[in-house]
Amino acid sequence: MGKLVSISDGTVSAAVDPMGAQLMSLSLGGGEYLWQGDERWWSRRAPVLFPIVGCLRNDHAQSAQGEVSLKRHGIARLYEHRVVEQGPARVTFELCSTDETRAAYPFDFRLNMSYEVADGRLTQTYAVTNTGNVPLPFTLGGHPAFNVPVPGGEGEGFSDYELVFPEPWTADVPTIDEAGLHDFSRMHRLFEGSDRLPLSHELIDRLLTVVFVDVPGRSVKLLGTKSGHGVELDFEGFGYLGVWTASADAPFVAIEPWVGCATAYDESDVFEEKRGTITLEPGERCERSFSMRPF
16 MGKLVSISDG TVSAAVDPMG AQLMSLSLGG GEYLWQGDER WWSRRAPVLF
66 PIVGCLRNDH AQSAQGEVSL KRHGIARLYE HRVVEQGPAR VTFELCSTDE
116 TRAAYPFDFR LNMSYEVADG RLTQTYAVTN TGNVPLPFTL GGHPAFNVPV
166 PGGEGEGFSD YELVFPEPWT ADVPTIDEAG LHDFSRMHRL FEGSDRLPLS
216 HELIDRLLTV VFVDVPGRSV KLLGTKSGHG VELDFEGFGY LGVWTASADA
266 PFVAIEPWVG CATAYDESDV FEEKRGTITL EPGERCERSF SMRPF
């Protein structure tokens, strides 16, 4: 862990580690909402996922520029990100392609990660620029994990929490195998005509990760049903939402907005053909943001 960069709007405070540009703290009124990492369950807190989400089949794919060889969730989390802008309530980091990154992912890119707190909300923004001379394919996502119980919910257990959506809907989620590959031909119906899903270690353990597709309103709340405290996430521009925890007694849940997802059974191993892939022409830039509001 490097020297953390702290930001605050006077209500919500956050801290980010330049190593991986990883969010390390999200607090409200001195109460810590973000999982603080523990080797017994999971040592990370909120890694940045780029240029893939999840895994490739056998960690490999073929692209127009040659072989792509990436472990789960890609490379952004593995490198130091340079601080290029910093203020009391905002910080921006930068990671650029190198010979080392090109050996795994044969493309040139610039990734700017920005964190900003305002009006009681933390917004995390991904800005990707194609710095090369060929099209740049990628996906990206977030992986913030939250303490369960959250501050103010002392005495609540994991099963006292639920995911609350903006409106009733029907949620069908893909089967996931032990290698992390998704099978969209075998869907599980979690609920029908409802706006909430009670958290369950058993459910997440059985499905390995719950992967929602096209969440209505691109919004969800993690809510303590007894305390009324939790976290609200808004993720316009992210077509998938992963929900995961490490084991049957882990005191956290990760709520993960994704642009893409892991390789699926019905996909080839052509990198450019993965679900959710964004492709930028040389010189083009795109942004995706999601926000977290502790309450």
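Going by the numbering used here, the first residue of the sequence shown is number 16, and it counts up by one from there.
Built from N, CA and C at the ideal position, the CB exists for glycine as well.
Fair warning: this is a prediction, and the values are worked out from it, not measured in the lab.
When the beta-carbon positions are compared, Thr-224 and Gly-135 stay at least 8 angstroms from each other. Ser-21 has its alpha-carbon roughly 27 angstroms from the corresponding atom of Ala-265.
For Gly-52, the closest alpha carbon among the candidates Val-268, Asn-148, Leu-205, Pro-121 is that of Val-268. The alpha-carbon of Phe-286 is positioned some 21 angstroms away from that of Glu-302. Runs of alpha helix (DSSP H) with 4 or more residues, each lying fully within the region 43-128, are found at 114-119, listed in chain order.
Under the criterion of beta carbons closer than 8 angstroms, Val-230 and Leu-155 do not qualify as touching, at roughly 17 angstroms. In this structure Val-274 is buried. Its beta-carbon is surrounded by 16 or more other beta-carbon atoms within 10 angstroms. The criterion of a C-beta distance shorter than 8 angstroms is satisfied by Gly-245 and Phe-310.
For Leu-218, the enclosing alpha helix (DSSP H) stretches over residues 216-222.
In this structure the region 189-209 does not touch the region 146-154; the number of beta carbon pairs closer than 8 angstroms is below three.
Assignment of beta-bridge partners to Gly-245 by DSSP yields Leu-238.
Inclusion of Phe-108 and Arg-117 in the CB contact set at 8 angstroms is not warranted, their separation being larger than that value. The continuous beta strand (DSSP E) containing His-203 extends over residues 197-213. Judged by their CB atoms, Glu-177 and Pro-213 are nearer to each other than the 8 angstroms cut-off.
In this structure Val-31 touches Leu-19 by the C-beta definition: roughly 7 angstroms separates them, less than 8 angstroms.
For the pair Val-228 and Trp-259, the Cα-to-Cα distance works out to about 15 angstroms. CA-CA distance, Met-128 to Ala-36, rounds to 7 angstroms. Per DSSP, the beta-bridge partners of Met-34 are Glu-95.
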